[in-house]
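Residue numbers (this note's numbering): 8 to 260.
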């Protein structure tokens, strides 16, 4: 591969994503996850919560409920309602975004809510709601994956009955190579992005989106890479929950 093949040119600037040894600019291999830190129970006033750091992403998730639905005409006598709100703080990105919900936030709230709703046993709490709030305070690509992962831990922390934890990760294509867990520059100047969320206990796919172009072979390679990473992430989720409750019981970490 020539050095010219390792460079992405744009009208504004030239960005190099891989070095001559196919290492990424942050030192990671193509199939390597970024650093992840998860803290369960980070917010004292929520029924369940999580703080997650994933590369440059910093995300809070808070869960409230089950609680009475307002207005009451929205109550469902056969099951509970799960509501999800995803938001990026105005200061979460380099160029300050307009405060409040935008089209992207509304879309991600919907798809994340559908993924979460597919694993929660809503029939166990009819006429009530479970409200999930995901707040991105610092963004570095992959915020929907980070938000879903944080929300899963917050739901478990709140004791909401679920079929299993949700783990989410993205793979993509940079410089003609499939890579795991894209950072901001790779997402912006790469060729494709494939966010995936699964329930690792069964490998059931809960969310699958794609932006960009992949061949059939590349698609399945990226999907397999992301799903394997989700199993790694589930172990980090479990350790975060175990740590919280060991500390609550006064046990050793």
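All C-beta atoms, glycine included, are put in the ideal place defined by N, C-alpha and C.
{"Asked": "Per DSSP, residue 140 forms a beta bridge with which residues?", "Found": "69 and 92"}
{"Asked": "Could you please give the first and the last residue of the uninterrupted beta strand (DSSP E) stretch that includes residue 36?", "Found": "No beta strand (DSSP E) holds residue 36; DSSP gives it neither H nor E."}
{"Asked": "Per DSSP, which one or two residues make a beta bridge with residue 156?", "Found": "Note: residue 156 sits in no beta bridge, so no partner."}
{"Asked": "Give me the Cα-Cα distance between residue 16 and residue 218, rounded to the nearest whole angstrom.", "Found": "In this prediction, residue 16 has a pLDDT of 43, which is less than 50 and means its spatial position is unreliable; what the coordinates show is noted afterwards. Whole-angstrom Cα-Cα distance: 19 Å."}
{"Asked": "Which residues mark the beginning and the end of the alpha helix (DSSP H) in which residue 111 is found?", "Found": "110-124"}
{"Asked": "Looking only at its chain, what residues have a beta carbon closer than 6 Å to the beta carbon of residue 43, apart from the 5 residues adjacent to it on each side?", "Found": "61 and 243"}
{"Asked": "Could you check where the alpha helix (DSSP H) with residue 231 kicks off and where it finishes?", "Found": "223-255"}
{"Asked": "Residue 192 lies in the alpha helix (DSSP H); which residues open and close that run?", "Found": "191-196"}
{"Asked": "Here's the rule I'm using: 16 or more other beta-carbon atoms within 10 Å means buried, otherwise exposed. How should residue 172 be labelled?", "Found": "buried"}
{"Asked": "So what does DSSP say about residue 220, is it helix, strand or coil?", "Found": "coil"}
{"Asked": "What does the Cβ neighbour count give for residue 95, buried or exposed, with the cut at 16 atoms within 10 Å?", "Found": "buried"}
{"Asked": "Does the region 22-36 come into contact with the region 181-200, if we say contact requires no fewer than three beta-carbon pairs (one atom in each stretch) closer than 8 Å?", "Found": "yes"}
{"Asked": "Measure the C-alpha to C-alpha separation of residue 255 and residue 79 and round it to an integer number of angstroms.", "Found": "36 Å"}
{"Asked": "Measuring only the C-alpha atoms, how far is residue 118 from residue 193?", "Found": "23 Å"}
{"Asked": "Can you tell me which of the three DSSP states residue 177 falls into?", "Found": "strand"}
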